[in-house]
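Engineer: Residue numbers (my numbering), protein chains in the order written: chain A, -13 to 437; chain B, 1261 to 1313. Cβ coordinates follow ideal geometry from the N, Cα and C atoms, glycine included. All values derive from a computational prediction rather than experimental measurement. Supplied in structure tokens, the structure appears directly below.
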């Protein structure tokens, strides 16, 4: 079942594009290089490819729609992207690699259709290239041509939340952990419930945070979904706001959650075997729902970070905490290189940190304000700063993320970084130094300047 | 949110417009025009391909 890192020419049977396989994703994940929201089932955000910044614009689509997950690729050259503009618009889109729109779900008329909740859930694709996607209240399966195979109504199983992203178990089931703390798996061929739903001992966590004024106006996201989406992005008012990691050999599922005490967090290890879903361990961690957990390349450790930037490394078998490190930031799932180095960031501080995955020792930590100083004009009143505004992708040619280049506007009670330019940065994983950048037309992440 | 490459070394950027919309619609209107960011949140997916040398 375990896949090894490999590349092959696919000109024979798969089409006229080369194919690389995600580092750690057991079947039934498609034989593709980016198969879930964090690239693979370990949530590593690592892909064994070697891109560079010597690029030029190729194609663009879906202007006017906010997108929060990277494209998911099948084995036939198609990619899938979810959006969430709301009633009257489609929310799941299939493209060819040269940018041709192949199909999209019918425009939403009601919550019985593929609704705006799809925007926060990466679709996943199986070995037959069937597509699985969820929204606010349903889990859908489509053929590669866009025909509906089946749909599961979560309410029928007393699930009152949504999967942030579904996952495949190595036994072939499709499922996930809902935002109200239910673990549910279904048969891939029929959508029928595969095992009794497990209810986790959790709470709703910390209360909602106020929406920043102006956010996602102009139709980027359905207005009714602004507050829930903000809560998901910042881990508020829901038990689970993260994507599970699936161990590529044991199949154990790991998920962070708000604990029964809303001020505390917990990392669950969950086993799915013999048609049963059961808790293997529940390791306490710091407050908040934490980041999506990520598994080390050797499968021995699981990493998660709490609201206060405390990272824990937990034995994936016993649940014992092997080390913890403070001030590791953590506004998103840790990214993990093939050598086991863990990368994390603090968006508004504009800082990335590299951590030895075995010991928790910090290898380097640095900010990128010099990029703003190099690329923005000097200003009489305001300093120039950079914020990190996107997940960190690890490749064989470096780390990749978005930097918002800003003026530090100091007019009110609190200075805030005002974005003037967005760049994609390629960063040396050994030192943290910027190798090169190129311009992006908009911001990518959920960084909230001044919030 | 992540920068995603493919095996042809194309780079896929998925754009949320979060920080830029906060300024365009929330903060900038309160600022004098000469201090506004002028950044239009557009979202969408933007794909880059390697430059042939």
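May I ask you to list, following chain order, the residues of the stretch 282 to 303 of chain A that have a beta carbon less than 7 Å from some beta carbon of chain B?
Structural biologist: Correct list: empty, as no residue qualifies.
Engineer: Looking only at DSSP bridge pairs, what is residue 330(A) linked to?
Structural biologist: By 1-based counting over the first chain, the position of residue 330(A) is 344. DSSP output for residue 330(A) lists 339(A) as bridge partner(s).
Engineer: With 16 as the cutoff for other CB atoms within 10 Å, does residue -5(A) come out buried or exposed?
Structural biologist: Residue mapping note: residue -5(A) aligns to position 9 of the first chain, counting from 1. Residue placement at residue -5(A) cannot be trusted, given a pLDDT of 33 that sits under 50; what the coordinates show is reported in the next sentence. That one is exposed.
Engineer: How is the alpha helix (DSSP H) around residue 361(A) delimited, first residue to last?
Structural biologist: By 1-based counting over the first chain, the position of residue 361(A) is 375. Residue 361(A) -> alpha helix (DSSP H) spans 355 to 361.
Engineer: Among residues of its own chain, excluding the 5 on either side of residue 36(A), which ones have a beta-carbon nearer than 7 Å to its beta-carbon?
Structural biologist: Stepping through the first chain from its first residue, residue 36(A) is reached at position 50. The residues are 381, 382, 383.
Engineer: When the Cβ atoms of the stretch 214 to 229 of chain A are set against those of the stretch 1281 to 1301 of chain B, are three or more pairs found closer than 8 Å?
Structural biologist: Not touching, per the Cβ criterion.
Engineer: Would residue 48(A) and residue 1304(B) be called neighbours here (beta carbons separated by less than 8 Å)?
Structural biologist: Residue numbering aside, residue 48(A) sits at position 62 when the first chain is read from its first letter. Residue numbering aside, residue 1304(B) sits at position 44 when the second chain is read from its first letter. Yes.
Engineer: When burial is assigned at 16 or more other CB atoms within 10 Å of the CB, is residue 144(A) buried or exposed?
Structural biologist: Within the first chain, residue 144(A) is the residue found at index 158, counting from 1. By the 10 Å Cβ count, residue 144(A) comes out exposed.
Engineer: Which of the three DSSP states is assigned to residue -3(A) in this structure?
Structural biologist: Within the first chain, the letter at position 11 stands for residue -3(A). Low confidence applies here, because residue -3(A) scores a pLDDT of 36, under 50, leaving its location unreliable and the question unanswered by this model.
Engineer: When the Cα atoms are used, what is the spatial distance from residue 1(A) to residue 115(A)?
Structural biologist: Residue 1(A) sits at position 15 when you count from the first residue of the first chain. Residue 115(A) sits at position 129 when you count from the first residue of the first chain. At residue 1(A), the pLDDT of 43 sits below 50, so the modelled position is not reliable; the number obtained from the coordinates is stated separately. Whole-angstrom Cα-Cα distance: 14 Å.
Engineer: When the Cα of residue 90(A) is compared with those of 279(A), 273(A), 79(A), 122(A), which residue comes out closest?
Structural biologist: Position 104 of the first chain, counting from 1, holds the residue named residue 90(A). Checked all of 279(A), 273(A), 79(A), 122(A); the closest Cα to residue 90(A) is 79(A).
Engineer: Only counting the same chain, and skipping five residues up and downstream in sequence, which positions put a Cβ closer than 7 Å to that of residue 262(A)?
Structural biologist: Position 276 of the first chain, counting from 1, holds the residue named residue 262(A). Hits under 7 Å: 181.
Engineer: Skipping 5 residues on each side, what residues in its chain have a beta carbon closer than 6 Å to that of residue 268(A)?
Structural biologist: As a working mapping, residue 268(A) is identified with position 282 in the first chain. 252, 254.
Engineer: Take every Cβ of the stretch 67 to 78 of chain A, pair it with every Cβ of the stretch 225 to 234 of chain A, and state whether three or more of those distances are shorter than 8 Å.
Structural biologist: No, they do not touch.
Engineer: Taking a cut of 8 Å between CB atoms, which residues from the stretch 395 to 406 of chain A lie near chain B?
Structural biologist: If the cut-off is 8 Å between Cβ atoms, the stretch 395 to 406 of chain A has 395, 397, 402, 404, 405, 406 near chain B.
Engineer: Between residue 375(A) and residue 422(A), is the Cβ-Cβ spacing less than 8 Å?
Structural biologist: The sequence position of residue 375(A) within the first chain is 389, counting from 1. The sequence position of residue 422(A) within the first chain is 436, counting from 1. No, they are not a contact pair.
Engineer: Can you tell me the Cα-Cα spacing of residue 155(A) and residue 356(A), whole angstroms?
Structural biologist: Translated into positions along the first chain, residue 155(A) becomes position 169. Translated into positions along the first chain, residue 356(A) becomes position 370. Cα to Cα, the separation comes out at about 44 Å.
Engineer: Is any non-hydrogen atom of the ligand GTP found closer than 7 Å to the C-beta of residue 222(A), if you look at the structure I gave you?
Structural biologist: In terms of ligand content, the structure shown is empty, and the ligand GTP therefore cannot be addressed.
Engineer: Residue 212(A) by DSSP, collapsed to three states: which one?
Structural biologist: If you number the first chain from 1, residue 212(A) lands on position 226. Helix at residue 212(A).
Engineer: Using a Cβ cut-off of 8 Å (strictly closer), state whether residue 427(A) contacts chain B.
Structural biologist: Indexing the first chain from 1 puts residue 427(A) at position 441. Cβ-Cβ to chain B under 8 Å: yes for residue 427(A).
Engineer: Which whole runs of the beta strand (DSSP E) in the stretch 1262 to 1312 of chain B are 3 residues long or more, in chain order?
Structural biologist: Segments of the beta strand (DSSP E) lying fully in the stretch 1262 to 1312 of chain B: 1263 to 1265, 1271 to 1275, 1304 to 1310.
Engineer: Does the distance from the CB of residue 1273(B) to the CB of residue 1263(B) come in under 8 Å?
Structural biologist: Counting from one through the second chain, the residue named residue 1273(B) turns up at place 13. Counting from one through the second chain, the residue named residue 1263(B) turns up at place 3. Yes, the pair counts as a contact, with Cβ atoms nearer than the cut-off.
Engineer: State the beta-bridge partners of residue 124(A) as determined by DSSP.
Structural biologist: Here the question's residue 124(A) lines up with position 138 in the first chain. Answer is 139(A), bridged to residue 124(A).
Engineer: Looking at the unbroken beta strand (DSSP E) that takes in residue 438(A), where does it start and where does it end?
Structural biologist: As shown, chain A starts at -13 and ends at 437. That puts residue 438(A) outside it, with no answer to give.
Engineer: Closer than 9 Å, Cβ to Cβ, to anything on chain B: give me those residues from the stretch 21 to 53 of chain A, in chain order.
Structural biologist: Those residues of the stretch 21 to 53 of chain A that come within reach of chain B (Cβ to Cβ, closer than 9 Å) are 23, 24, 25, 31, 33, 35, 36, 37, 38, 39, 40, 41, 42, 43, 44, 45, 46, 47, 48, 49, 50, 51, 52, 53.
Engineer: Under 8 Å between the Cβ atoms of residue 190(A) and residue 244(A)?
Structural biologist: Sequence index remark: in the first chain, residue 190(A) carries index 204 (1-based). Sequence index remark: in the first chain, residue 244(A) carries index 258 (1-based). The answer is yes: Cβ separation under 8 Å.
Engineer: Counting only C-beta atoms, is residue 1283(B) closer than 8 Å to chain A at any point?
Structural biologist: For this step, residue 1283(B) is matched to residue 23 along the second chain. Answer yes: the Cβ-Cβ gap between residue 1283(B) and chain A drops below 8 Å somewhere.
Engineer: Give, in chain order, every unbroken run of the alpha helix (DSSP H) that is at least 4 residues long and sits entirely within the stretch 211 to 288 of chain A.
Structural biologist: Runs found: 212 to 220.
Engineer: How would you call residue 438(A), buried or exposed, if buried means at least 16 neighbouring beta carbons within 10 angstroms?
Structural biologist: The first residue shown for chain A is -13 and the last is 437, placing residue 438(A) beyond what the model contains.
Engineer: For residue 1266(B), does the count of other Cβ atoms within 10 angstroms reach 16, so buried, or fall short, so exposed?
Structural biologist: On the second chain, residue 1266(B) is found 6 positions in, with the first residue counted as 1. Result: buried.
Engineer: Hey, residue 240(A) and residue 281(A) are a contact pair by Cβ (cut 8 Å); roughly how many whole angstroms apart?
Structural biologist: As a working note, residue 240(A) is residue 254 in the first chain. As a working note, residue 281(A) is residue 295 in the first chain. Indeed, because the Cβ distance is near 7 Å, the residues count as touching under 8 Å.
Engineer: If residue 150(A) and residue 107(A) are in contact, beta carbons under 8 Å, what's the gap, nearest whole angstrom?
Structural biologist: Working through the first chain from its first residue, we reach residue 150(A) at position 164. Working through the first chain from its first residue, we reach residue 107(A) at position 121. Confirmed, about 6 Å.
Engineer: Along the stretch 178 to 210 of chain A, what residues have a CB closer than 8 Å to any CB found in chain B?
Structural biologist: Those residues of the stretch 178 to 210 of chain A that come within reach of chain B (Cβ to Cβ, closer than 8 Å) are 198, 199, 200, 201, 202, 203, 204, 206.
Engineer: Step through the CB atoms of chain A and report whether any lies within less than 8 Å of the CB of residue 1294(B).
Structural biologist: The sequence position of residue 1294(B) within the second chain is 34, counting from 1. Judged by the 8 Å Cβ criterion, residue 1294(B) is not in contact with chain A.
Engineer: Hey, is residue 377(A)'s beta-carbon within less than 8 Å of any beta-carbon in chain B?
Structural biologist: Against the first chain, residue 377(A) aligns to sequence position 391. It does: the Cβ of residue 377(A) has a partner Cβ on chain B nearer than 8 Å.
Engineer: For the beta strand (DSSP E) that residue 308(A) lies in, which residues bound it at each end?
Structural biologist: Mapped onto the first chain, residue 308(A) falls at position 322. 307 to 311 is the extent of the beta strand (DSSP E) around residue 308(A).
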